[in-house]
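K.L.:
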Amino acid sequence: MFEELTLKLETAFKKIRGQGKLTEKNISDALREVRRILIDADVNYKVAKDFIEKVEKKSLGKEVIASITPGQLIIKIINDELIELLGGVTSPLVLANVPPSIYLLAGLQGSGKTTFAAKLANYLKKAGQKPLLVACDIYRPAAVEQLKQLGKQIDIDVFHIDSNPVDIALQSLKYAKENNYNAIVIDTAGRLHIDEQMMEEIAKIKETVKPTETYFIVDSMTGQDAVNTAKAFHDRISYDGIVLTKLDGDTRGGCALSIRAVVNKPIKFVSVGEKLDSIEVFHPDRMASRILGKGDIVTLVEKAQSAFEEKEAEKLEEKLRANKFDFEDFLSQLKIIKRLGSVSQLLSMIPGLSSIQKNVQVDEKVFIKVEAIINSMTKEERRNPKILNASRKRRIARGSGTSIQEVNKLVKQFEEMQKMIKKLNSMDFNKAFRNFNLKLN
Ligand SMILES: Nc1nc2c(ncn2[C@@H]2O[C@H](COP(=O)(O)OP(=O)(O)OP(=O)(O)O)[C@@H](O)[C@H]2O)c(=O)[nH]1
Ligand SMILES: [Mg+2]
């Protein structure tokens, strides 16, 4: 699914991640490339343009420019916007208040309606419903037989009578009520193109049985065309949700990424194979991370955050409270800061200390020096910085490729920080960290 799109985006992200600092120019260069990739993937032109504009606007905000890992944050913004583009939140299947729940499926020929009808019925059955499949495609000779075959595989009854589609749907409703089925899935005929007769028929079925939900089934391999069809369909018979089929295939992603924005209806399910259990509820967040690639920076950041939340926050809080914060803690906290973005973010994860000022920052180059200086200290010196005399400082400066002045500055800043931390129990964190800026020159 989306392999090519994912690969291209990953390559583009590598470039952004390499940037130490983001400027208006390199943000727009990078995003221009992302836009090109989206257009190449057959994403609707306007959708791609709007998407990039939103990401750009957010990226140019203060928070990103001030961050030590701006590239990572841009990717996070892209991820968040992608989730929005895909609908934001999961839109679950709706059951009727008074059974039976009725699901009407519509779409172009070969889009996967009949297969999905069986999958949906199977899904409902697993959810504890008693579904009935209804064969309303009377035009394709083997259509009823196909549905019967599928029903047999999953042990679900299929309603089929010799009549016109509107009447079949109506009769199935009666039959379901009489026989205690509490869900109906109506499979309808497809056409090669949207034609008025087909629209009229679907509209009539819809009017007659008043479905709980009507789904538009669309083959995700068909790209831009599919999006146009989806819109025309919606203009004629307004539907409640979209089902993307054949996502297991070699799809470029254009349809999946554009359809929600163009039609403004949620994607409800995706179909990922010919087997009858290859159905997934559509989750915008999971889809976004699939598209952005596994092991991407978003997951990394999130993992780092949750790992930190669980262990480090507790450890740090204990040390802070016990006034036992030494250079070793300082170094490990700086590593987390470097990974996560800022001191304020770090502090916001400590329970009870979430309202920390946002203007605390660490410069990447300074961080490297600080790390080198601390690494050149002995364990004893890190634990007890008071023993750092002139000759020790000289040795540390030599070992870290820095100057004595820089070592002095760090030691002084560390002492100041320690002093602040000592006061923390009586004073609030905001004040303590408000003007803390790690600077060596
Ligand atoms: N790989 C893959 N194939 C699928 C998927 N869904 C459906 N198919 C296949 O696509 C073909 C068409 O599926 P149908 O369910 O018959 O499509 P339809 O919309 O009912 O077609 P008509 O009734 O002719 O309009 C079949 O060969 C299915 O096996 C899917 O998610 N993945
Ligand atoms: Mg069919």
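So for the sequence shown, the numbering used here puts the first residue at -5; every next one is plus one.
Think of the CB as a built atom: it goes at the ideal place given N, C-alpha and C, for glycine as much as any other residue.
(1) Can you name the start and end residues of the beta strand (DSSP E) that Ser95 belongs to?
(2) Just checking Thr239 against ligand 1 - is the residue's beta carbon closer than 7 Å to any of the ligand's heavy atoms?
(3) At a cut-off of 7 Å, would you count Gly145 as near ligand 1, judging by its Cβ distance to the nearest heavy atom?
(4) Start and end of the alpha helix (DSSP H) containing Val257?
(5) Is there contact here, the segment 103 to 115 with the segment 249 to 257, by at least three beta-carbon pairs under 8 Å?
(6) Excluding the five sequence neighbours on either side, which residues of its own chain have a C-beta within less than 6 Å of the C-beta of Thr84, listed in chain order?
(7) Do you know offhand how far Cys130's Cα is from Ala163's?
(8) Quick one: is Thr239 buried, meaning 16 or more other Cβ sit within 10 Å of its Cβ, or exposed?
(9) Consult DSSP for Val203 and reduce its assignment to one of helix, strand or coil.
(10) Pairs of beta-carbons, one from the segment 172 to 189 and one from the segment 66 to 84, closer than 8 Å: are there three or more?
(11) Hey, how far is the Cα of Ile199 from the Cα of Ser265?
(12) What residue range does the beta strand (DSSP E) around Lys262 cover?
(13) Sorry if obvious, but does the Cβ on Ala121 come closer than 7 Å to a heavy atom of ligand 2?
(14) With burial defined as no fewer than 16 other Cβ atoms inside 10 Å of the residue's Cβ, what is the status of Pro135: buried or exposed?
(15) Using the Cβ count rule (16 or more neighbours within 10 Å means buried), how would you classify Glu75?
(16) Report the residue ranges of all beta strand (DSSP E) runs contained in full by the segment 161 to 191; include only those spanning at least 3 residues, in chain order.
(17) Would the beta-carbon of Phe210 fall within 8 Å of that of Gly101?
(18) In the DSSP assignment, what residue or residues form a beta bridge with Val128?
(19) Kindly indicate which residue of Gly247, Thr5, Glu50 has the alpha-carbon position closest to the one of Ala282.
(20) Could you check if Gly81 belongs to the surroundings of ligand 2, using beta carbon to heavy atom distance under 7 Å?
(21) Drop a sphere of 10 angstroms on the beta-carbon of Gly235, count the other beta-carbons inside from all chains shown, and report buried for 16 or more, exposed for fewer.
(22) Kindly examine ligand 4 and report whether one of its heavy atoms sits closer than 7 Å to the Cβ of Ala226.
(23) Once DSSP output is grouped into helix, strand and coil, what is the label at Phe321?
(24) Any residue with its C-beta under 5 Å from a non-hydrogen atom of ligand 2 counts. Can you list them all in chain order?
(25) Bridge partners for Leu213 per DSSP, in chain order?
(26) Measuring straight from C-alpha to C-alpha, what distance separates Glu18 and Phe(-4)?
(27) Thr208 bridges to which residues according to DSSP?
(28) Helix, strand or coil, according to DSSP, for Ile273 in the structure here?
(29) So, are the CB atoms of Lys373 and Glu400 less than 8 Å apart?
(30) Does at least one heavy atom of ligand 1 sit under 7 Å from the Cβ of Gln103?
(31) Going by the beta-carbon positions, is the gap between Leu54 and Leu144 smaller than 8 Å?
(32) Got a sec? Which residues, its chain only, sit under 8 Å from Lys56 by beta carbon, not counting five neighbours each side?
(33) Using C-beta distances below 6 Å, list every residue in its chain close to Leu(-1), excluding the 5 sequence neighbours before and after it, in chain order.
(34) Where does Glu268 sit, in a helix, a strand or coil, going by DSSP?
(35) Work out the CA separation of Phe227 and Asp219 for me, nearest whole Å.
(36) Is it buried or exposed for Thr223, if we count other Cβ within 10 angstroms and need 16 for buried?
P.N.:
So, from the data block:
(1) 95 to 100
(2) It does: the Cβ of Thr239 is within 7 Å (strictly closer) of some heavy atom of ligand 1.
(3) no
(4) 248 to 257
(5) no
(6) His277
(7) 7 Å
(8) buried
(9) helix
(10) no
(11) 24 Å
(12) 261 to 265
(13) False, no ligand heavy atom lies under 7 Å from that Cβ.
(14) That one is exposed.
(15) buried
(16) Taken in chain order, the complete beta strand (DSSP E) segments of 3 residues or longer contained in the segment 161 to 191 are 177 to 181.
(17) The answer is yes: Cβ separation under 8 Å.
(18) For Val128, DSSP records a beta bridge to Phe153, Ile180.
(19) Gly247
(20) no
(21) buried
(22) With respect to ligand 4, the structure shown offers nothing to examine, as its ligands consist of ligand 1 and ligand 2.
(23) helix
(24) Lys107, Thr108
(25) With the sequence shown as reference, residue 213 is identified as Asp, and Leu is not the correct amino acid for it. Paired residue(s): Thr239.
(26) 30 Å
(27) Leu98
(28) strand
(29) Their beta carbons are not under 8 Å apart, which means Lys373 does not touch Glu400 by this criterion.
(30) Gln103: yes, Cβ under 7 Å from ligand 1.
(31) Not a contact, by the Cβ cut-off of 8 Å.
(32) Unreliable positioning characterises Lys56 in this predicted model, as indicated by a pLDDT of 43, which lies under 50. The coordinate reading is nonetheless provided below. Excluding positions up to five away in sequence, the list is empty.
(33) Ala35, Gly247
(34) Residue state for Glu268 is assigned as coil, using DSSP reduced to three classes.
(35) 12 Å
(36) buried
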